[in-house]
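Chains as they are written, first to last, in our numbering: chain B, 3 to 121; chain E, 543 to 657. For every residue, glycine included, the Cβ atom is placed at its ideal position computed from N, Cα and C. Single-structure report; data block below.
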């Protein structure tokens, strides 16, 4: 059963430390999304990639957050330096989006998330 | 701006009762609609989707939703809920075009089913 894999599942760190979260999308999917979930803001889209190219990272604080796709099987989200307000659950999702009216695959599949606590 | 409004933040119901979770979205020519469910400490799982065709869509676990273009609504229903349906439910919309695939989520509705 194909699934999106996120590591680590939990991360506790101290303010100022670097945090790296990893995501392995489902094989064959061409689009990867990063979301952040908090009680106050709900689900926020941070960034997304199509065919490894960044399409939109307007939801991401640029000064401390960075997202990359080194290859088709790995997406990373990095926070440097981390702050207590970054504490949240970070989700990765992937999907196959073909466009051009071929919308039958228009579904995002979510990983189980990384729960980040910055002390 | 694109927006999704889930009208109820919490919905308590008794087991075997019917339930409706309400969702409204900002209007657009091309829209795709989704309901996702999130169980505690898990990621989001797709319940059902509307892409085109019949306005009544059926999903997993006995849920269904109706797309109403004139009302810009996509309410989720289940005729008889179980304890295991207790979870948070998210309505989401994708507007197609150059940002196809990008989802805008509502704030979520926590459904609590009581015995």
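Helix, strand or coil at residue i according to DSSP, with G and I counted as helix
{"i": "residue 583 (chain E)", "result": "coil"}
{"i": "residue 87 (chain B)", "result": "helix"}
{"i": "residue 625 (chain E)", "result": "helix"}
{"i": "residue 18 (chain B)", "result": "coil"}
{"i": "residue 603 (chain E)", "result": "helix"}
{"i": "residue 637 (chain E)", "result": "coil"}
{"i": "residue 642 (chain E)", "result": "coil"}
{"i": "residue 82 (chain B)", "result": "coil"}
{"i": "residue 121 (chain B)", "result": "coil"}
{"i": "residue 49 (chain B)", "result": "strand"}
{"i": "residue 611 (chain E)", "result": "coil"}
{"i": "residue 4 (chain B)", "result": "coil"}
{"i": "residue 556 (chain E)", "result": "strand"}
{"i": "residue 545 (chain E)", "result": "coil"}
Own chain, CB closer than 6 angstroms to residue i, minus 5 neighbours either side, in chain order
{"i": "residue 18 (chain B)", "result": "83"}
Short CB-CB distance (under 8 angstroms) between residue i and chain E
{"i": "residue 99 (chain B)", "result": "yes"}
{"i": "residue 109 (chain B)", "result": "yes"}
{"i": "residue 58 (chain B)", "result": "yes"}
{"i": "residue 75 (chain B)", "result": "no"}
{"i": "residue 48 (chain B)", "result": "no"}
{"i": "residue 116 (chain B)", "result": "no"}
{"i": "residue 112 (chain B)", "result": "yes"}
{"i": "residue 44 (chain B)", "result": "yes"}
{"i": "residue 51 (chain B)", "result": "no"}
{"i": "residue 33 (chain B)", "result": "yes"}
{"i": "residue 93 (chain B)", "result": "yes"}
Chain B within 8 angstroms of residue i, Cβ atoms only
{"i": "residue 609 (chain E)", "result": "no"}
{"i": "residue 649 (chain E)", "result": "yes"}
{"i": "residue 604 (chain E)", "result": "no"}
{"i": "residue 645 (chain E)", "result": "yes"}
{"i": "residue 591 (chain E)", "result": "yes"}
{"i": "residue 585 (chain E)", "result": "yes"}
{"i": "residue 636 (chain E)", "result": "yes"}
{"i": "residue 581 (chain E)", "result": "no"}
{"i": "residue 642 (chain E)", "result": "yes"}
For residue i, the nearest candidate out of the options (CA to CA)
{"i": "residue 85 (chain B)", "options": "B:35, B:96, B:14", "result": "B:14"}
{"i": "residue 564 (chain E)", "options": "E:585, E:602, E:619, E:590", "result": "E:619"}
{"i": "residue 69 (chain B)", "options": "B:23, B:3, B:6, B:119", "result": "B:23"}
{"i": "residue 45 (chain B)", "options": "B:119, B:120, B:95", "result": "B:95"}
{"i": "residue 77 (chain B)", "options": "B:121, B:118, B:37, B:16", "result": "B:37"}
{"i": "residue 594 (chain E)", "options": "E:611, E:646, E:587", "result": "E:611"}
{"i": "residue 589 (chain E)", "options": "E:606, E:560, E:652, E:552", "result": "E:606"}
{"i": "residue 5 (chain B)", "options": "B:50, B:34, B:117, B:54", "result": "B:34"}
{"i": "residue 581 (chain E)", "options": "E:652, E:656, E:608", "result": "E:652"}
{"i": "residue 49 (chain B)", "options": "E:655, E:656, E:644", "result": "E:644"}
{"i": "residue 92 (chain B)", "options": "E:546, E:583, E:561", "result": "E:583"}
Residues near residue i in its chain [Cβ-Cβ closer than 8 angstroms; skip 5 each side]
{"i": "residue 108 (chain B)", "result": "97, 99"}
{"i": "residue 573 (chain E)", "result": "567, 635, 636, 637, 638"}
{"i": "residue 642 (chain E)", "result": "636"}
{"i": "residue 551 (chain E)", "result": "649, 650, 651, 652"}
{"i": "residue 121 (chain B)", "result": "14, 15, 16, 17, 86"}
Own chain partners of residue i with C-beta closer than 7 angstroms, once the 5 adjacent residues on each side are dropped
{"i": "residue 66 (chain B)", "result": "81, 82, 83"}
Contact set between residue i and chain A, taken where Cβ atoms lie within less than 9 angstroms
{"i": "residue 632 (chain E)", "result": "Of the protein chains in this structure, namely B and E, none is chain A."}
Is the segment 36-43 of chain B touching the segment 557-576 of chain E, taking contact as three or more C-beta pairs under 8 angstroms? no
Should the segment 111-119 of chain B be regarded as contacting the segment 609-629 of chain E, the criterion being three or more beta carbon pairs within less than 8 angstroms? no
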